[in-house]
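The block underneath contains the structure these notes are about, expressed in structure tokens.
Number of protein chains: 4
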Amino acid sequence: MTNTQLTLVQIDNYGPWTVTPEPRREMDLQTLQSRLFADLAQFVGHRGGYAFFTRFDNMVAVTNGLDLDDHRLLQESTGNRYPVTVSLGIGVDPNPAVALERATEGLQGAGSAQDGDRREVLSGTPVTEPSGDDVSIAHFDVNDATEKYTDQLNEFDSFIQIEQGYAALMRYLREEHGGLSFFVGGDNIIAVTPDMAVADYRAAIDHVEETVGVDLKVGVGQGEHAHAAGMAAKHALEECRHHGTAVELGGAAGEVESE
Amino acid sequence: MTNTQLTLVQIDNYGPWTVTPEPRREMDLQTLQSRLFADLAQFVGHRGGYAFFTRFDNMVAVTNGLDLDDHRLLQESTGNRYPVTVSLGIGVDPNPAVALERATEGLQGAGSAQDGDRREVLSGTPVTEPSGDDVSIAHFDVNDATEKYTDQLNEFDSFIQIEQGYAALMRYLREEHGGLSFFVGGDNIIAVTPDMAVADYRAAIDHVEETVGVDLKVGVGQGEHAHAAGMAAKHALEECRHHGTAVELGGAAGEVESE
Amino acid sequence: MTNTQLTLVQIDNYGPWTVTPEPRREMDLQTLQSRLFADLAQFVGHRGGYAFFTRFDNMVAVTNGLDLDDHRLLQESTGNRYPVTVSLGIGVDPNPAVALERATEGLQGAGSAQDGDRREVLSGTPVTEPSGDDVSIAHFDVNDATEKYTDQLNEFDSFIQIEQGYAALMRYLREEHGGLSFFVGGDNIIAVTPDMAVADYRAAIDHVEETVGVDLKVGVGQGEHAHAAGMAAKHALEECRHHGTAVELGGAAGEVESE
Amino acid sequence: MTNTQLTLVQIDNYGPWTVTPEPRREMDLQTLQSRLFADLAQFVGHRGGYAFFTRFDNMVAVTNGLDLDDHRLLQESTGNRYPVTVSLGIGVDPNPAVALERATEGLQGAGSAQDGDRREVLSGTPVTEPSGDDVSIAHFDVNDATEKYTDQLNEFDSFIQIEQGYAALMRYLREEHGGLSFFVGGDNIIAVTPDMAVADYRAAIDHVEETVGVDLKVGVGQGEHAHAAGMAAKHALEECRHHGTAVELGGAAGEVESE
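Protein sequences, first through last, are from chains A, B, C and D.
Residues in the first sequence are numbered from 1 upward in steps of one, following the UniProt record's numbering.
Residues in the second sequence are numbered from 1 upward in steps of one, following the UniProt record's numbering.
Residues in the third sequence are numbered from 1 upward in steps of one, following the UniProt record's numbering.
Residues in the fourth sequence are numbered from 1 upward in steps of one, following the UniProt record's numbering.
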């Protein structure tokens with residue numbers, strides 16, 4: 001059964017900083033944000049986790065395998081190298097949405113995101129007894145995205161299609177299952193999911209097709225941490241490509257169930 | 001009158017590269033993408049342009065002020081420092097959507113985004129006679145986003161709200177005006193727009209409020225290039241904050257018209 | 001007793017790459033090199049190690065605490081994000097120079113640094129039984145460098161003074177003790193040393209003063225890995241500043257011996 | 001005749017910052033320094049300049065082609081993205097050492113490098129009438145460095161050889177000609193030189209060979225800015241490789257004089 005550990009990474013008092021003493025150059029802000037995310041992705045990724053840029057000033061990471069010392073180190077190292085600091089809230093639950101709820105509450109309880117005195121909060125307790133199927137990752141992509149969109153439409157209209165698919169999927173998985181979906185570039189969406197059956201994924205894909213006409217497929221994997229689960233998911237997605245299937249479930253032991 | 005120069009930055013044959021010889025670590029891909037975008041933001045931003053990450057494998061930049069030599073340098077420098085190369089398509093038109101259509105066609109005409117032999121294409125012709133109102137930038141944010149969302153909801157549910165607002169706005173501006181909207185983090189959306197009146201912006205904001213219940217305000221600026229226009233837009237947005245208005249039009253000469 | 005684990009990080013076939021098909025832009029090479037080093041510093045540093053840029057195409061890291069899987073991950077992640085790959089040779093010995101000798105031999109035995117077919121070699125065996133004083137770090141700086149040099153001389157002449165001090169120290173510690181000294185910026189030199197007495201450090205400082213007239217002080221620390229040893233060394237160096245002493249030995253247990 | 005424009009880039013009050021409130025993690029400092037240098041190399045390099053890391057807290061750049069607005073932009077953008085700020089001093093003279101003297105004096109006159117109140121100084125006046133031979137770049141490397149050192153000695157002993165060569169060359173060119181030499185990685189040294197004859201370069205190479213036994217060759221180029229001069233130098237160095245010569249003078253017009 002899944003036991004997802006999520007960390008909310010929140011830049012402290014970022015909004016006010018971006019306009020103090022007057023609005024800063026937008027491209028410097030974009031650079032700062034994307035490099036901070038890149039560093040987070042490296043830090044978390046090299047410990048088996050996954051990080052998502054979400055809104056950039058608030059980022060979400062799957063941190064199964066990272067303990068409190070790892071979080072402290074991330075916080076210290078970020079503060080040493082950036083003009084901003086970060087607060088970290090950790091939450092754990094079989095259901096990803098509940099885990100993030102807890103992670104968020106830890107920071108909200110310590111003060112507002114725009115409270116100038118609330119800096120470098122660290123709240124929450126990591127998983128203490130890890131098991132081999134704590135994390136479930138579903139890796140979606142859009143069928144024939146290059147042929148149907150990238151090589152046919154102007155880039156913004158391609159992007160609108162992908163965005164509509166993402167918006168429909170993110171709502172559906174959140175509301176129906178408590179799964180959290182993140183756009184990761186190209187035509188790829190990665191979701192952190194609770195235990196779900198093949199039929200559940202099929203229903204999600206059908207929902208997106210019916211509501212916005214975007215045609216998805218998905219590979220799913222489980223593991224002790226996000227990287228292991230995600231790699232199983234990527235391999236399962238390759239199986240979809242080879243077999244023309246819409247859903248492939250890999251898993252901790254590598255067994256594959258398809259539809 | 002606006003005369004927008006847009007550049008489509010497309011990573012050559014990226015999809016296949018990410019799974020060759022087998023799927024690469026997702027966090028390395030995320031790092032590569034976000035750092036490539038950061039470098040693009042610095043390069044374009046230091047020449048007065050704006051860059052948006054869009055889908056990361058396809059990025060869109062407002063490049064008024066950058067000539068062909070600048071584009072060649074960007075292409076050469078990227079190829080020297082990354083394991084991937086980029087193709088660049090330039091398009092110019094008073095209407096941003098049409099400009100991007102042209103930029104995209106230049107690359108599509110040279111081959112597929114996943115054609116292994118199509119590398120480092122450079123197509124299109126930059127603006128030859130710049131004027132002081134070539135670029136119009138509209139900078140939107142969400143009213144009271146921190147109080148209503150960030151400090152109240154879990155981060156994913158906050159993100160869903162912002163995303164719904166973005167999805168509604170991006171479609172509306174694209175379909176009604178040919179404006180291109182990009183989420184830039186936090187609760188901020190930056191749109192590259194054609195000439196639009198205060199009433200047009202008001203209608204866009206009303207549309208988003210009515211369809212998804214997200215409450216926006218916007219500052220608009222014009223200039224010879226994106227940075228000048230964007231800075232005027234940021235200052236106009238500060239005016240919205242101070243005056244409680246929903247739309248403020250700055251402009252090249254700094255005059256402000258509000259509603 | 002020290003038991004230093006050193007890793008030689010060598011960019012594969014780098015020289016030929018920099019001039020193929022013709023010489024690449026020097027500032028792109030400088031950027032590539034310094035960012036690769038920065039990533040190495042983050043990777044190694046977050047695991048308790050120290051990395052030094054040395055010649056950039058060959059870098060030296062103190063990697064006590066990093067196992068073979070860590071090295072494989074570094075190698076894979078670098079290859080995923082850079083246009084070049086790295087080979088890694090690990091060596092262990094109480095004497096740092098001998099450890100590096102072994103680390104180097106592992107790579108040399110696998111082929112030339114400019115052999116196009118020799119890529120991503122991983123050789124050597126990490127420490128298997130760590131102890132609390134495996135690593136000794138000596139952190140030197142120049143007395144009154146800002147007052148005597150930076151605020152008085154032109155920057156190059158300041159730099160020459162620092163360089164002369166560094167060149168004298170690096171040779172002395174290498175020849176007399178097998179210690180390896182690295183310039184780390186400003187007026188700072190960090191040496192990886194074997195067990196040495198206060199008198200040995202005093203003699204090194206005297207040698208530098210006598211031969212090139214540069215006046216050093218040093219804090220020394222020991223620990224299970226470089227970061228712990230280096231932090232003890234930094235604190236010992238602060239003691240030198242407060243007490244006006246030339247040598248302060250901190251140590252694993254924090255006891256301080258001064259002269 | 002050369003007319004070198006040099007900029008001293010000095011991190012404001014850096015030393016005290018690195019130990020406030022207590023010593024910061026060394027690898028974070030190394031990362032910060034090398035990334036700041038990488039950004040400087042990109043900024044300056046994309047405008048035709050060259051940047052050298054020198055001591056990292058003080059960096060030297062050849063900035064012919066960059067005006068005051070470029071310098072202001074560099075300063076603003078750095079301050080927006082780093083936890084430190086930089087002061088910039090510009091100096092111009094036919095002789096590089098004199099140019100740097102002036103660049104340095106501008107900052108020294110504004111206060112100490114460790115004066116907490118002296119931030120973001122910008123001093124000096126860029127070249128107003130550029131000509132095609134304002135910058136002279138000499139690119140040295142070590143003959144057979146891979147065969148004689150990298151593939152034979154342990155990495156530190158290779159490095160000692162290169163360092164000795166560098167230390168001898170830097171002093172000689174500084175004292176005899178006012179040329180400024182910078183180690184740029186591998187076995188490469190780049191010098192910013194005044195007008196010098198082939199015999200002068202030959203004498204420098206002979207001096208290094210006689211004093212420390214390191215065998216150099218050099219390609220020299222001139223241009224309106226450092227990149228053009230440096231590329232001519234790199235091509236001239238390739239000529240040395242092909243012809244077995246020790247000195248090759250390329251030049252603005254591409255004519256080559258060899259010895």
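Ideal placement from N, C-alpha and C gives every residue a C-beta, glycine not left out.
These figures come from a predicted structure and were not determined experimentally.
The DSSP-derived three-state label of Ala51/D is strand. Rounded to the nearest angstrom, the Cβ distance from Gln222/B to Val135/B is 7 Å, consistent with a contact under 8 Å. For Ser77/B, the residues of chain D that pass the 9 Å Cβ criterion are Gln42, Gly45 and His46, in the order they occur in the chain.
Between Leu6/C and Ala61/C, the gap from beta carbon to beta carbon is short of 8 Å. At a beta-carbon threshold of 8 Å, the residues of chain D lying near Leu73/B are His46, ordered along the chain. Within the same chain, and ignoring the five residues on either side of Ser158/B in sequence, the residues whose Cβ sits closer than 6 Å to its Cβ are Tyr149 and Thr150. The DSSP-derived three-state label of Ser87/A is strand.
Within the DSSP bridge table, the entry for Ala61/B names Thr7/B and Ala51/B as partners. Using a 10 angstroms sphere on the CB of Ala51/B, the tally of other CB atoms reaches 16 or more, which defines it as buried. The Cβ of Tyr14/D sits no closer than 8 Å to any Cβ of chain A. Under the DSSP assignment, Phe156/A falls in the alpha helix (DSSP H) whose first and last residues are Glu155 to His177.
One alpha carbon belongs to Thr125/B, the other to His71/B, and they sit about 11 Å apart. According to DSSP, residue pairing for His225/B in a beta bridge does not occur.
Distances from the alpha-carbon of Met1/D to those of Asp133/D, Thr85/D, Ala226/D and Arg102/D put Asp133/D closest. Taking a cut-off of 8 Å on C-beta distances, the region 193-212 of chain C does not touch the region 14-29 of chain C, as fewer than three cross pairs fall below it.
With respect to Ala226/D, Gly48/D sits close: the two C-beta atoms are nearer than 8 Å.
Residues are counted here when their Cβ sits less than 9 Å from a Cβ of chain D; for the region 13-36 of chain A these are Arg24, Arg25, Met27, Asp28, Leu29, Thr31, Leu32 and Arg35, given in chain order.
Within chain D, no residue has its CB atom less than 9 Å from the CB of Asn95/A, the nearest being about 36 Å off.
Within the same chain, and ignoring the five residues on either side of Pro130/D in sequence, the residues whose Cβ sits closer than 6 Å to its Cβ are Glu224. The residues Met1, Thr2, Pro94 and Ser136, in chain order, have a CB closer than 8 Å to that of Asp195/A in the same chain once the five nearest residues on each side in sequence are set aside. Residues of chain D with a Cβ closer than 7 Å to the Cβ of Asn143/A do not exist; the shortest Cβ-Cβ separation is about 39 Å. When the alpha-carbon of Asn154/C is set against those of Asp215/D, Glu210/D and Asn58/D, the nearest one is in Asn58/D. By the Cβ rule, the region 112-127 of chain B counts as touching the region 9-19 of chain B, because three or more pairs are nearer than 8 Å. Counting along the chain, the unbroken alpha helix (DSSP H) around Phe37/B starts and ends at Glu26 to Gly45.
Neighbourhood of Asn80/B in chain C, by CB distance below 8 Å: Arg24, Arg25, Asp28, Leu29, Leu32 and Pro83, in chain order.
By the CB criterion at 8 Å, Gly109/D and Val142/D fall outside the cutoff. For Ala138/C, the enclosing beta strand (DSSP E) starts and ends at Val135 to Val142. With fewer than 16 other Cβ atoms inside 10 Å of its own Cβ, Gly213/A counts as exposed. Beta-carbon to beta-carbon, Arg241/C and Pro83/B are separated by about 45 Å, too far to satisfy the 8 Å threshold. Taking C-beta separations shorter than 6 Å and ignoring five residues to either side along the sequence, the partners of Ala145/B in its chain run Asp187, following chain order. Separation of the CB atoms of Leu8/A and Ala103/A is rounded to 4 Å, and the pair is thereby assigned contact status at 8 Å.
For Leu237/C, same chain residues with a beta-carbon under 6 Å away, outside a window of 5 residues either side, are His139 and Gly219 in chain order.
DSSP lists Ala138/A and Ser181/A as the bridge partner or partners of Ala191/A.
DSSP places Val212/C within a helical segment (H, G or I) once states are collapsed to three. Closest by C-alpha distance to Thr193/B, out of Leu68/B, Gly79/B and Leu169/B, is Leu169/B.
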